[in-house]
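Each remark here refers to the structure printed beneath this line.
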Amino acid sequence: MKREYFGMLFIIVFVALIFIAATIFGNEVVFDNLSRYIVVWILVAFYAGQYSMKFPKAF
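When you read off a place in the sequence shown, starting at 1, and then add 212, the result is the number in my numbering.
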């Protein structure tokens, strides 16, 4: 898997999970928790980026 593909896959899956959770639990609950734990989400994205570094570049 290429590094860029992993990043795109991570973003698409995360956004899809946000929309699915918003339809199940409601927008207010989901976005309240997203804004409350923003530091955790930033760390998750950072470590996903670090994990993707073990994959080769596309070029």
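The beta carbon of each residue, even a glycine, is placed where N, CA and C say it ideally should be.
Cα-Cα separation between Asn245 and Thr235, rounded to whole angstroms: 15 angstroms
Ser264 versus Val252 - alpha carbon distance: 18 angstroms
Tyr259 (DSSP reduced to helix, strand or coil): helix
Cβ-Cβ separation, Lys214 to Phe258 (assumed contact under 8 angstroms), whole Å: About 19 angstroms; that fails the 8 angstroms criterion.
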